[in-house]
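Quick notes on the structure that follows.
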Amino acid sequence: MLLQKKLMTVTEEQIVSLAISDMLYIMIGSGTQLLIAFATINNQLPIFLYDSIACRLLAAIQASLAKVNVYTMTLISVTRYAVIVKPIKYQPYLKPRYNRIVLAIIFTLSFGLSILPVFQLWGKYQYSNQTGLCFPLSTAENDPAVVSYEVTMDLTFILIPSVIMFFSYFKIILLLRLSRRQITSYHNNSTKSINASNSTNTLSATSSIAKVVSFTLQSRLSFHRKNSVSFRSSIRQLEYRLTKTIMLAFIVFLISYFPHSISCTLALFGITISSTTSTILLHLTYVNGILGPLIYITRSARVRQSLRCNRRIIHVAH
Numbered sequence: 000m001l002l003q004k005k006l007m008t009v010t011e012e013q014i015v016s017l018a019i020s021d022m023l024y025i026m027i028g029s030g031t032q033l034l035i036a037f038a039t040i041n042n043q044l045p046i047f048l049y050d051s052i053a054c055r056l057l058a059a060i061q062a063s064l065a066k067v068n069v070y071t072m073t074l075i076s077v078t079r080y081a082v083i084v085k086p087i088k089y090q091p092y093l094k095p096r097y098n099r100i101v102l103a104i105i106f107t108l109s110f111g112l113s114i115l116p117v118f119q120l121w122g123k124y125q126y127s128n129q130t131g132l133c134f135p136l137s138t139a140e141n142d143p144a145v146v147s148y149e150v151t152m153d154l155t156f157i158l159i160p161s162v163i164m165f166f167s168y169f170k171i172i173l174l175l176r177l178s179r180r181q182i183t184s185y186h187n188n189s190t191k192s193i194n195a196s197n198s199t200n201t202l203s204a205t206s207s208i209a210k211v212v213s214f215t216l217q218s219r220l221s222f223h224r225k226n227s228v229s230f231r232s233s234i235r236q237l238e239y240r241l242t243k244t245i246m247l248a249f250i251v252f253l254i255s256y257f258p259h260s261i262s263c264t265l266a267l268f269g270i271t272i273s274s275t276t277s278t279i280l281l282h283l284t285y286v287n288g289i290l291g292p293l294i295y296i297t298r299s300a301r302v303r304q305s306l307r308c309n310r311r312i313i314h315v316a317h
């Protein structure tokens with residue numbers, strides 16, 4: 000798909016960005032866990048001997064990729080809302096150039112917010128004496144700067160994006176139900192109109208040539224109407240299918256991130272959980288990175304076709 004950049008839509012560019020952040024998040028997270036496992040077997044813990052900048056930087060990279068993931072999913076939901084609910088109003092803004100600017104802002108903002116605790120400018124990463132690695136703070140702190148950073152992250156990383164995504168998909172679902180009713184009503188009214196017109200023509204005392212002409216005109220008008228409705232309906236069905244796919248990814252995101260986010264929020268108020276449970280909840284966030292790209296690949300025919308085209312291009316190039 001990357002080789003077909005000029006042919007990609009705005010949503011597809013966002014999905015590629017999401018897949019890249021997912022892949023990097025999984026690679027770094029899995030690599031860290033494998034590093035801990037090998038170090039444990041070889042009795043080489045802790046990995047970092049002290050709370051160094053390198054230790055905090057590793058935590059910052061993983062945290063920033065998680066933020067990119069969430070913010071990109073939020074952008075996708077807003078784009079779906081604009082395309083389906085307000086297509087005319089927001090069409091001038093649904094251009095690849097604007098989309099790339101927003102994606103660049105997302106990456107910059109995510110890395111900027113995550114890098115501040117590395118140098119202790121705002122917030123703090125917690126050093127684990129057992130593993131020798133740094134993690135986002137998960138214990139109660141008396142420092143107002145640390146508390147304000149964690150509260151800000153909870154709001155901007157989980158709560159606000161979740162509200163935006165929920166609102167966008169809720170409005171889309173309402174429009175989907177309304178559109179189905181309108182299409183059903185239109186077909187029913189068209190059928191009644193054609194039947195009534197045919198009955199009138201049968202009873203009228205016009206010539207046979209006039210009947211043939213009238214029937215032909217009505218048939219063509221009915222054909223064009225049905226084709227017009229069918230075309231609009233097929234486009235909407237494609238948009239709705241893509242939206243359902245993204246909604247499924249949103250549900251996976253909630254299941255993956257919310258438990259870990261709640262545990263971190265509770266820790267700010269001194270309510271801690273066991274280290275085993277905390278580790279399990281952290282690993283649960285990897286599920287989103289694994290299932291997200293798989294959902295798009297299995298449910299999107301265009302994505303699968305793009306991947307096949309890329310494989311052919313790479314094969315021909317070699």
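Residues 0 to 317, numbered by numbering that gives the first Met the number 0, are exactly what the sequence shown covers, in order. All C-beta atoms, glycine included, are put in the ideal place defined by N, C-alpha and C.
Put residue i into one of helix, strand or coil per three-state DSSP.
{"i": "residue 256", "result": "helix"}
{"i": "residue 143", "result": "helix"}
{"i": "residue 24", "result": "helix"}
{"i": "residue 8", "result": "coil"}
{"i": "residue 19", "result": "helix"}
{"i": "residue 271", "result": "coil"}
{"i": "residue 50", "result": "coil"}
{"i": "residue 117", "result": "helix"}
{"i": "residue 173", "result": "helix"}
{"i": "residue 91", "result": "helix"}
{"i": "residue 43", "result": "coil"}
{"i": "residue 66", "result": "helix"}
{"i": "residue 277", "result": "helix"}
{"i": "residue 85", "result": "coil"}
For residue i, which residues does DSSP report across the bridge?
{"i": "residue 126", "result": "133"}
Near residue i, which residues of its chain fall below 7 Å by C-beta distance, leaving aside the five closest residues on each side in sequence?
{"i": "residue 168", "result": "76, 246 and 249"}
{"i": "residue 28", "result": "61 and 285"}
Whose C-beta lies closer than 6 Å to the C-beta of residue i among residues of the same chain, with five residues either side of it excluded?
{"i": "residue 64", "result": "20, 23 and 24"}
{"i": "residue 118", "result": "none"}
{"i": "residue 18", "result": "292"}
{"i": "residue 133", "result": "54, 55, 58, 124 and 126"}
{"i": "residue 290", "result": "251"}
{"i": "residue 157", "result": "260"}
{"i": "residue 288", "result": "21, 24 and 25"}
{"i": "residue 148", "result": "121 and 122"}
Using C-beta distances below 8 Å, list every residue in its chain close to residue i, excluding the 5 sequence neighbours before and after it, in chain order.
{"i": "residue 258", "result": "280 and 283"}
{"i": "residue 13", "result": "71, 74, 75, 78, 98 and 102"}
{"i": "residue 9", "result": "78, 93, 94, 95 and 98"}
{"i": "residue 26", "result": "none"}
{"i": "residue 128", "result": "45"}
{"i": "residue 85", "result": "none"}
Closest by CA to residue i, which one among the options?
{"i": "residue 297", "options": "240, 109 and 158", "result": "240"}
{"i": "residue 50", "options": "111, 135, 30 and 83", "result": "135"}
{"i": "residue 159", "options": "31, 276, 260 and 86", "result": "260"}
{"i": "residue 278", "options": "83, 52 and 130", "result": "130"}
{"i": "residue 262", "options": "276, 253 and 254", "result": "276"}
{"i": "residue 30", "options": "60, 273, 66 and 174", "result": "60"}
{"i": "residue 81", "options": "69, 163 and 286", "result": "163"}
{"i": "residue 108", "options": "153, 67, 154 and 83", "result": "67"}
{"i": "residue 113", "options": "85, 288 and 151", "result": "151"}
{"i": "residue 141", "options": "28, 122 and 177", "result": "122"}
{"i": "residue 170", "options": "242, 110, 273 and 256", "result": "242"}
Between residue i and the ligand MN, is there a pair consisting of the residue's CB and a ligand heavy atom that are separated by less than 7 Å?
{"i": "residue 58", "result": "Inclusion of the ligand MN in the displayed structure is not the case, the ligand content being empty and no account of it being possible."}
Item checked: Three or more C-beta pairs below 8 Å linking the region 92-108 and the region 25-41 -> Touching, no.
Next item on the list: Say whether the region 55-62 touches the region 79-93, bearing in mind that this needs 3 or more beta-carbon pairs closer than 8 Å, one atom from each stretch.
Entry: Contact fails: fewer than three Cβ-Cβ distances are below 8 Å.
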